[in-house]
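The UniProt record's numbering applies: residue 1 is where the sequence shown begins, and numbers increase by one.
Quick notes on the structure that follows.
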Amino acid sequence: MKDIQIMDASVADVDTLWKWGEENWELWSDEKYKWFSKKSLKKLVSEPKEDSLLVAKHKNELIGMLFMYNLRDWAYCVGAYITPRFRKKGLGKMLLIEAEGRLAAKGIESIALVVDTKNKKGFYFWKKMGFYEGYKFIWMTKDLQT
């Protein structure tokens, strides 16, 4: 795709990333906590450590993202999103190829992710990208006293 840039997420991207997380149930782990808070996103992008936190931009407009946690020899995809106007144009694949290259260079051997059973489009996208089904499980959360 023309005029698309894939780059590391920055603090300037946080408001848009947070908005995507608030508005799109496909990114949520549960209804109470949904996705990341703005505070967590700011920390993630300003201190990425070994994680791969990528965004896609078209003429400086944020149009997609892919976040992967580096967990030593494997990575966990915690979020992927493409704005509706740029879906079905290869952008998700572009982000994944960039992330795979960066992760492989760090010695990462595999990527895992969770797809909500209601997210059929997401499921078929990941299958098309070479992911295969593993164990079925139920996401569980425990609130901590802080």
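C-beta atoms are modelled at their ideal positions from N, C-alpha and C, and glycine is treated no differently.
Being a predicted model, the structure only gives us computed values, none of them experimental.
DSSP on residue i, reduced to helix/strand/coil?
i          : result
residue 46 : helix
residue 64 : strand
residue 11 : helix
residue 71 : strand
Tell me which same chain residues have a C-beta within less than 7 Å of the C-beta of residue i, skipping the five on either side of it?
i           : result
residue 83  : 63 and 64
residue 119 : 26
residue 123 : 115
residue 46  : 11
residue 34  : 21, 22 and 28
Along the alpha helix (DSSP H) that carries residue i, what are the first and last residues, could you check?
i           : result
residue 79  : No alpha helix (DSSP H) contains residue 79, which is instead part of the beta strand (DSSP E) from 74-82.
residue 93  : 91-105
residue 15  : 14-23
residue 122 : 120-128
My guess is that residue i and residue j are in contact by the Cβ rule of under 8 Å, so how many angstroms apart are they, rounded?
i          : j          : result
residue 80 : residue 4  : Contact flag wrong, Cβ pair sits at about 16 Å.
residue 18 : residue 38 : 5 Å
residue 6  : residue 41 : Going by Cβ atoms, the distance from residue 6 to residue 41 rounds to 18 Å, so no, they are not a contact pair.
Which same chain residues, not among the five before or five after residue i, have their C-beta less than 6 Å away from its C-beta?
i          : result
residue 58 : 3 and 4
residue 68 : 52, 75, 77 and 99
Grab me the residues of residue i's own chain with a C-beta within less than 8 Å of its C-beta, minus the 5 sequence neighbours each way, in chain order.
i           : result
residue 129 : 92, 93 and 96
residue 108 : 70, 73, 74 and 75
From what residue to what residue does the beta strand (DSSP E) around residue i run?
i           : result
residue 57  : 52-58
residue 111 : 110-113
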